[in-house]
Amino acid sequence: MTDQIISYLGSEADYLLNHTSTTIPKETITSPSPAYLDEVFAQSDRSNQVMRSMQSLLGTGRLANTGYVSILPVDQGIEHSAGASFAKNPAYFDPENIVKLAIEGGCNGVASTFGVLAMTSRKYAHKIPHIVKINHNELLTYPNQFDQVPFGSVHEAWNLGAAGIGATIYFGSQNATRQLQEISEAFEEAHELGMFTILWTYLRNPEFKQGGTDYHTAADLTSQANHLGVTIEADIIKQKLPTTNGGYKALNMEGSSYGKTDDRIYTELTSDHPIDLARYQVANCYMGKIGLINSGGASGNNDFADATRTAVINKRAGGMGLISGRKAFQRPMDEGVKLLNTIQDVYLNKDITLA
């Protein structure tokens with residue numbers, strides 16, 4: 000174990016690095032490996048072209064051919080506003096710097112908007128896999144609304160040389176059913192054109208905040224969102240790291256009726272340990288047969304420590320990697336490269352194993 004990883008984990012080092020999961024056994028999890036595509040996707044209905052695109056992702060960057068991925072996502076210029084995203088580092092108003100950061104940072108791929116990747120495609124699409132985020136929520140409408148809508152076509156993404164597409168569904172929102180239908184059709188078309196698919200399976204509903212607790216990152220609710228995502232043939236699931244549990248219970252208090260759950264989710268399949276909560280997310284991705292990547296979260300005062308912690312939890316739970324944007328691009332490029340490399344070092348460290 001490297002001293003740097005232990006240092007970043009601080010007082011949680013033993014808690015996270017030496018945890019043994021007694022909920023869902025590690026032997027039942029399909030964890031990332033160099034043989035992942037041959038052992039999992041070769042048995043599925045994914046075409047040779049999709050397999051080739053997936054291999055381009057898994058075979059690029061510092062994590063090449065390990066089964067793990069490190070992806071740089073920069074769609075916040077739409078999702079949060081360009082000013083709010085790039086004021087800390089205006090260099091990233093220029094799309095080329097986004098792609099350069101992904102390459103210099105040793106990433107497997109770069110995920111961004113149609114506009115960003117179209118502006119860079121002839122120069123870089125053959126050097127690092129481009130992943131076009133095809134739908135977004137924009138915050139210029141007044142009052143602000145929250146609805147993921149298509150910003151372009153799947154064929155347009157294929158035309159610019161993308162290896163894959165990404166999309167978000169706001170599960171739990173009033174528009175979730177329409178988004179589910181739109182993205183199901185988009186994923187079918189992407190697979191027909193030979194591209195892989197990544198689904199941001201995010202929750203959004205004001206009622207998911209109950210009694211002072213935000214259940215948008217509850218293990219039980221996010222895991223069901225994951226399970227809906229793999230059902231529409233997402234090849235990779237992106238989800239926020241779980242920070243709590245009991246979302247179904249909270250939403251069924253005071254005589255309300257929401258969804259269906261089972262107490263064994265809380266007594267047998269999870270514990271309060273963050274690795275066990277993330278393991279339940281992995282289990283809902285077909286026991287790891289579809290890779291789970293967790294998001295890096297917002298930039299703050301302890302980005303290197305926070306990113307290391309998230310990577311350790313994801314890897315030991317059975318996840319496939321991290322997709323970290325703001326922590327990397329909201330700082331000078333050399334520091335962004337260092338942060339991405341810090342994340343990748345966790346996945347390259349053979350002493351950090353399944354819990």
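For the sequence shown, numbering that gives the first Met the number 0 assigns the number 0 to the initial residue and increments by one for each residue that follows. From the three backbone atoms N, C-alpha and C, an ideal C-beta is built for every residue, glycine too.
{"Item": "Span separating the alpha-carbon of residue 204 from that of residue 173", "Value": "8 angstroms"}
{"Item": "Three-way DSSP call (helix, strand, coil) for residue 153 in this model", "Value": "helix"}
{"Item": "DSSP-derived helix/strand/coil call for residue 94", "Value": "helix"}
{"Item": "Reduced DSSP secondary structure (H/G/I, E/B, other) of residue 25", "Value": "helix"}
{"Item": "CB of residue 190 within 7 angstroms of CB of residue 39, strictly", "Value": "no"}
{"Item": "Cβ shell of residue 351 (< 8 angstroms), same chain only, five flanking positions each side left out", "Value": "0, 4, 16, 311, 314, 315, 345"}
{"Item": "Simplified DSSP assignment, three categories, for residue 67", "Value": "coil"}
{"Item": "Under the three-state DSSP convention, the category residue 377 falls into", "Value": "With the chain covering only 0 through 354, there is no way to say anything about residue 377."}
{"Item": "Where residue 144 falls, given that 16 or more other Cβ within 10 Å makes a residue buried", "Value": "exposed"}
{"Item": "Touching by the beta-carbon criterion (3+ pairs, under 8 angstroms), the stretch 23-31 and the stretch 275-288", "Value": "yes"}
{"Item": "Which of helix, strand or coil DSSP assigns to residue 322", "Value": "strand"}
{"Item": "Extent of the continuous alpha helix (DSSP H) run through residue 85", "Value": "81-85"}
{"Item": "Alpha-carbon spacing of residue 219 relative to residue 247, whole angstroms", "Value": "7 angstroms"}
{"Item": "At least three beta-carbon pairs within less than 8 angstroms, the stretch 136-153 to the stretch 208-223", "Value": "no"}
{"Item": "Cutoff 6 angstroms; reference residue 72; Cβ partners in own chain excluding five residues on either side", "Value": "110, 322, 324"}
{"Item": "Burial state of residue 269 (16 or more Cβ within 10 Å)", "Value": "buried"}
{"Item": "When 199, 243, 236, 197 are compared against residue 209, the one with the closest alpha-carbon", "Value": "243"}
{"Item": "The stretch 29-43 in contact with the stretch 86-93 per 3-pair CB rule at 8 angstroms", "Value": "no"}
{"Item": "Residue 265 to residue 19 span [Cα, whole Å]", "Value": "17 angstroms"}
{"Item": "Residue 344, DSSP secondary structure in three states", "Value": "helix"}
{"Item": "Cβ shell of residue 273 (< 6 angstroms), same chain only, five flanking positions each side left out", "Value": "312"}
{"Item": "Top-ranked residue by Cα proximity to residue 162, from 176, 186, 182, 177", "Value": "186"}
{"Item": "Straight-line Cα distance separating residue 258 from residue 250", "Value": "9 angstroms"}
{"Item": "Buried or exposed by the 16-neighbour rule on C-beta atoms within 10 Å, applied to residue 53", "Value": "buried"}
{"Item": "Bridge partner(s) assigned by DSSP for residue 164", "Value": "131, 196"}
{"Item": "Residues bridged to residue 294 [DSSP beta-bridge criterion]", "Value": "322"}
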